[in-house]
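Structure first, commentary second.
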Amino acid sequence: MGAYALEGKKVWVAGHRGMVGSAIVRRLGREGCEVITASRSEVDLKDQATVRAFVERTRPNAVFLAAAKVGGILANDTYPADFLYDNLMIEANIIEASHRFGVEKLLFLGSSCIYPKMAPQPIIEDSLLTGPLEPTNEWYAVAKIAGIKLAQAYRRQHGSDFISAMPTNLYGPGDNFDLNSSHVMPALIRKAHEAKLRGDKEIVMWGTGTPRREFLHVDDCADACVLLMKAYSDDTHVNVGSGDDVTILELTRTVCDVVGFTGEIVHDLSKPDGTPRKLMSADRLRALGWAPSIPLREGISASYRWFLENQGALRA
Ligand code: GFB
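Heads up: the sequence shown begins at 314 in this note's numbering, then just goes up one per residue.
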């Protein structure tokens with residue numbers, strides 16, 4: 314159940330310029346399919362009529378819904394309306410238009426923050442909606458939970474083969490390195506790099522450094538998404554994680570070591586810690602034969618190289 318061939322198909326990667334979307338486009342290069350994309354100037358994904366017109370005109374066979382408004386803990390905590398509204402509109406428009414114009418298979422991408430703040434670890438898919446969410450990102454979480462439910466609803470009401478994947482904290486090429494809106498990994502890479510260049514004596518780490526986070530390189534996530542598109546068809550979402558987590562302080566030390574910054578790590582306790590831990594079980598995905606292939610330190614080194622090669626563009 315669930316076998317779907319991508320060979321020869323027309324595949325829309327919504328959010329193709331983002332870190333996840335661009336990794337999926339790279340990974341699809343091995344699938345013999347035609348990848349179609351919609352530029353931001355051409356298609357406002359928050360506008361239903363524009364999305365419907367694009368899907369009607371292009372008629373994709375399959376859709377990777379990797380478009381979203383994303384950000385780290387500070388951005389989520391600061392712009393709740395944007396994170397809730399933008400993500401609800403994007404997912405609702407794309408899922409509805411995909412059904413309306415006969416998309417054969419759609420994969421919706423959520424996030425590990427959908428789970429209750431104190432869910433038993435490692436977190437299994439059935440933990441969804443069993444407890445209160447982490448306040449700093451409940452807005453994004455509610456939007457992503459709604460996306461999972463919408464994909465399930467179309468499967469139950471219309472038989473649509475729409476599935477959902479819940480990745481853990483991702484990092485890698487194409488990441489957002491803006492220090493206010495980014496996630497922890499790119500923020501630390503940039504801060505350590507700039508501190509090294511300036512000859513600073515210290516680097517600022519937000520919070521206590523005690524929360525634990527699981528990380529997965531975005532290319533491993535893209536590989537999992539393509540596998541799920543081809544081999545998974547069920548109304549339950551699937552966790553996509555490495556199965557290993559580290560404390561933020563350990564991560565900071567590793568990033569400083571990779572970057573070559575040897576100063577002190579100081580805490581900015583005015584910033585939130587967020588959820589204490591969100592390690593997921595990826596047993597359901599591993600049962601399909603997937604395993605992560607990029608170790609954390611190697612992935613951090615690759616991300617740092619990407620940042621050095623592209624930071625000029627980032628500064629533009
Ligand atoms: O990655 P992050 O922003 O988001 O923060 P979450 C993870 C942890 O890193 C928090 C600490 O405990 C932060 O306090 N941290 C330390 C930093 N230094 C920094 C820094 O310079 N920048 C940032 N950003 N954090 C996100 C959700 O939660 O997880 C998103 O907000 C999404 O919606 C993502 O779900 C996967 O991991 O706490």
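Note that CB positions come from ideal geometry on N, CA and C, so glycine has one too.
Check: residue i C-beta below 8 Å from any heavy atom of ligand 1
{"i": "N389", "result": "yes"}
{"i": "R590", "result": "no"}
{"i": "K584", "result": "yes"}
{"i": "V539", "result": "no"}
{"i": "I458", "result": "no"}
{"i": "K509", "result": "no"}
{"i": "C346", "result": "no"}
{"i": "T449", "result": "yes"}
{"i": "F475", "result": "no"}
{"i": "R566", "result": "no"}
{"i": "M518", "result": "yes"}
{"i": "F396", "result": "yes"}
{"i": "V497", "result": "yes"}
{"i": "A500", "result": "yes"}
{"i": "L609", "result": "no"}
{"i": "K430", "result": "no"}
{"i": "T481", "result": "yes"}
{"i": "L492", "result": "yes"}
{"i": "Y392", "result": "no"}
{"i": "A380", "result": "no"}
{"i": "P445", "result": "no"}
{"i": "A454", "result": "yes"}
{"i": "P486", "result": "no"}
{"i": "S425", "result": "yes"}
{"i": "V531", "result": "no"}
Short Cβ contact (9 Å threshold) for residue i with residue j
{"i": "M332", "j": "Y484", "result": "yes"}
{"i": "L541", "j": "A478", "result": "yes"}
{"i": "K591", "j": "R525", "result": "yes"}
{"i": "F475", "j": "S425", "result": "no"}
{"i": "I502", "j": "S616", "result": "yes"}
{"i": "Q465", "j": "D548", "result": "yes"}
{"i": "A459", "j": "E404", "result": "yes"}
{"i": "G334", "j": "G328", "result": "yes"}
{"i": "N552", "j": "I437", "result": "yes"}
{"i": "P486", "j": "A336", "result": "yes"}
{"i": "V376", "j": "V324", "result": "yes"}
{"i": "G423", "j": "I386", "result": "no"}
{"i": "G520", "j": "K584", "result": "yes"}
{"i": "F574", "j": "I613", "result": "no"}
{"i": "K543", "j": "E417", "result": "no"}
{"i": "Y428", "j": "M593", "result": "yes"}
{"i": "N450", "j": "D390", "result": "yes"}
Classification of residue i by the beta-carbon crowding that lies within 10 angstroms, buried from 16 upward
{"i": "A629", "result": "Confidence at A629 is low in this model, with a pLDDT of 42, below 50, so the placement of that residue should be treated as unreliable; the coordinate-derived value is given next. It counts as exposed."}
{"i": "K382", "result": "buried"}
{"i": "E320", "result": "exposed"}
{"i": "L582", "result": "exposed"}
{"i": "P480", "result": "buried"}
{"i": "S281", "result": "In the structure displayed, the chain extends from 314 to 629; residue 281 sits before or after that span and is not available."}
{"i": "T588", "result": "buried"}
{"i": "R610", "result": "exposed"}
{"i": "W579", "result": "Per the sequence shown, residue 579 should be read as Val rather than Trp. When all chains shown are included, V579 counts as exposed."}
{"i": "P257", "result": "It is not possible to answer for residue 257, since the shown part of the chain is limited to 314 through 629."}
{"i": "E527", "result": "buried"}
{"i": "E369", "result": "exposed"}
{"i": "V326", "result": "buried"}
{"i": "L510", "result": "exposed"}
{"i": "K514", "result": "exposed"}
{"i": "L598", "result": "buried"}
{"i": "G384", "result": "buried"}
Residue i - partner residues in DSSP beta bridges
{"i": "Y484", "result": "H530"}
{"i": "D357", "result": "According to DSSP, D357 bridges with nothing at all."}
{"i": "W325", "result": "I349 and V376"}
{"i": "L631", "result": "With the chain covering only 314 through 629, there is no way to say anything about residue 631."}
{"i": "T560", "result": "R525"}
{"i": "V497", "result": "According to DSSP, which records beta bridges pairwise, V497 is partnered with nothing at all."}
{"i": "I436", "result": "M593"}
{"i": "N389", "result": "Per DSSP, none; premise fails for N389."}
{"i": "N489", "result": "For N489, which the question treats as bridged, DSSP gives no partner whatsoever."}
{"i": "M332", "result": "In DSSP, M332 forms no bridge with anything."}
{"i": "H580", "result": "M518"}
{"i": "N552", "result": "M479"}
Neighbour flag for residue i against chain B, beta carbons, 9 Å
{"i": "T521", "result": "Absent here is chain B; the protein component of the structure consists of one chain."}
Contact test: residue i Cβ vs ligand 3 heavy atom, cutoff 8 Å
{"i": "F620", "result": "Among the ligands present in this structure, namely ligand 1, ligand 3 is not found."}
The stretch 456-470 contacting the stretch 518-535, beta-carbon criterion three pairs below 8 Å: no
Segment contact, 8 Å Cβ cut-off, at least three pairs: the stretch 485-504 with the stretch 439-448: no
Touching by the beta-carbon criterion (3+ pairs, under 8 Å), the stretch 550-570 and the stretch 498-510: yes
Segment contact flag, the stretch 397-411 with the stretch 358-365, C-beta cutoff 8 Å, min 3 pairs: yes
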